[in-house]
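Asker: Below you'll find the structure I mean.
Number of protein chains: 2
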Amino acid sequence: MELLKRKILDEGIVLSNQVLKVDSFLNHQIDPLLMQAIGKTFASLFRESAITKIITIESSGIAPAVMAGLELGVPVIFARKRKSLTLQDDLYTEKVYSFTKKEESEVSISRKLVSPVDRVLLIDDFLANGEAALAMARIVEQADATVAGIGIVIEKAFQNGALKLKEQGYRVESLARVASLENGSVEFAN
Amino acid sequence: MELLKRKILDEGIVLSNQVLKVDSFLNHQIDPLLMQAIGKTFASLFRESAITKIITIESSGIAPAVMAGLELGVPVIFARKRKSLTLQDDLYTEKVYSFTKKEESEVSISRKLVSPVDRVLLIDDFLANGEAALAMARIVEQADATVAGIGIVIEKAFQNGALKLKEQGYRVESLARVASLENGSVEFAN
Chain G
1 MELLKRKILD EGIVLSNQVL KVDSFLNHQI DPLLMQAIGK TFASLFRESA ITKIITIESS
61 GIAPAVMAGL ELGVPVIFAR KRKSLTLQDD LYTEKVYSFT KKEESEVSIS RKLVSPVDRV
121 LLIDDFLANG EAALAMARIV EQADATVAGI GIVIEKAFQN GALKLKEQGY RVESLARVAS
181 LENGSVEFAN
Chain B
1 MELLKRKILD EGIVLSNQVL KVDSFLNHQI DPLLMQAIGK TFASLFRESA ITKIITIESS
61 GIAPAVMAGL ELGVPVIFAR KRKSLTLQDD LYTEKVYSFT KKEESEVSIS RKLVSPVDRV
121 LLIDDFLANG EAALAMARIV EQADATVAGI GIVIEKAFQN GALKLKEQGY RVESLARVAS
181 LENGSVEFAN
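One line per chain: the protein sequences are G and B, in this order.
Residues in the first sequence are numbered consecutively from 1, following UniProt numbering.
Residues in the second sequence are numbered consecutively from 1, following UniProt numbering.
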């Protein structure tokens, strides 16, 4: 997706060989027009997949997921990273380890919101080692629903997340694939 | 906003005299079409306010805020509830106490993202005692920017948040004002 790659080149900050900071348009400040374009792109990629529901994880996945949901005409669920007072029982819960934040957290989704008839599109802002996407996929499978695809805004193609997901049979579509962050600059894979 | 009130009556769950659960369309699952309508309504209310930026707090404020940002053509910032590894220095930080979750947290915004020329629309999913909105307003004022208005999806009008905000001179627009949750049912204020 050229618009996204341009934005990454213009505004992304390479913090290390591993960390790309995109706080000006995705992870802290959000560019709504870019999110709309991202939502339309995900929708066109998965239009034929009979998606009934989108699942993402709070917080940075919400904006692209909601825009995709608007285009596909389906509801969006954001998995919560910890339990809150008004969302306590009847949860599907999985552990997810964040290498960026160096901590393990739990993600949860209400059992009421996913059923065996659902064909779920998983959306996330970043794909690195695949931990978050795999946790979402396990939740979908706990519900006996189907993972119909995985949509990623920015893939760190130098990590093995996409490979792990594809080995498990999932279709993965990344809108920008970063091949390298070495020497302080972003190289795309395609 | 009639569409929102209808949704609250149809799908809201009254957990107590104080707590309304709207996890099917706002706080856990999100209805993208409703969020779009909410965004358009906020935009029409604040169209003449020369808004340059929207600020919300993760996570439930993000969807309505992004839709409003799309309509108004301005970026959206979501305040983070705690520090993350890629967002650590140069922050405006304020404490906010959540009576729902019974815990104090910190909300932070990068100093780079708000400047004195900004006219900020604050958006949040719920307004109860006003703690979250006041914390966002203090952050805007730390940045010497202007709070041009406060947009709330659901106001608990039986609590004093809107009064506190209006006493400080802020314009508050709530799309649904809940007057009472007594006897397990939702009564609207207007």
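Here a beta-carbon is modelled for each residue, glycine too, at the ideal position from N, C-alpha and C.
Everything numeric in this text was worked out from a predicted model, so none of it was measured.
1. Taking DSSP as the reference, what is the three-state secondary structure of Leu85 of chain B?
2. Closest Cβ-Cβ distance between Gln18 of chain G and chain B: below 7 Å?
3. Can you list, in chain order, the stretches of the alpha helix (DSSP H) that have 4 or more residues and sit fully within the UniProt domain "Phosphoribosyltransferase" (32-157) of chain B?
4. Tell me whether Ser185 of chain B is buried or exposed, calling it buried when 16 or more other Cβ atoms sit within 10 Å of its Cβ.
5. Would you report the Cα separation of Ser16 of chain B and Thr100 of chain B, rounded to the nearest angstrom?
6. Kindly list the residues whose CB is nearer than 7 Å to the CB of Leu70 of chain B, restricted to its own chain and excluding five residues on each side of it in sequence; keep chain order.
7. Under 7 Å, Cβ to Cβ, is there at least one residue of chain G near Gly61 of chain B?
8. Work out the CA separation of Ser174 of chain G and Leu181 of chain G for me, nearest whole Å.
9. Let me know the secondary structure DSSP gives Leu26 of chain B once reduced to three states.
10. In terms of DSSP beta bridges, what is Glu187 of chain B paired with?
11. For Asn129 of chain B and Arg138 of chain B, what's the separation of their Cα atoms in angstroms?
12. At 9 Å on the CB atoms, spell out the chain B contacts of Pro75 of chain G, in chain order.
13. Checking the sheet assignment: what are the DSSP bridge partners for Ile13 of chain G?
14. Between B:Ala50, B:Leu20 and B:Lys7, which has its C-alpha nearest Asn183 of chain B's C-alpha?
Answerer: Once the coordinates are examined:
1. Per-residue confidence for Leu85 of chain B stands at a pLDDT of 48, beneath the threshold of 50, marking its modelled position as unreliable; no derived number is given.
2. Closer than 7 Å: no.
3. Annotation: the UniProt domain "Phosphoribosyltransferase" (32-157) of chain B contains the following complete segments of the alpha helix (DSSP H) (minimum length 4 residues), in chain order: 32-46, 62-72 and 131-142.
4. It counts as exposed.
5. Those two C-alpha atoms are separated by around 11 Å.
6. Closer than 7 Å at Cβ, skipping near neighbours: Gly39.
7. Put simply, the CB of Gly61 of chain B is far from chain G, with every gap to its CB atoms at 7 Å or more.
8. Distance between the alpha carbons of Leu181 of chain G and Ser174 of chain G: 17 Å.
9. Looking at Leu26 of chain B - three-state DSSP - the assignment turns out to be coil, as it is neither helix nor strand.
10. Paired residue(s): B:Ser180.
11. One C-alpha to the other measures close to 15 Å.
12. Contact note: Pro75 of chain G reaches chain B through Ser24, Phe25, Gln29, Ile30, Asp31 and Pro32, using a C-beta cutoff of 9 Å and chain order.
13. Paired residue(s): G:Lys21.
14. Checked all of B:Ala50, B:Leu20 and B:Lys7; the closest Cα to Asn183 of chain B is B:Leu20.
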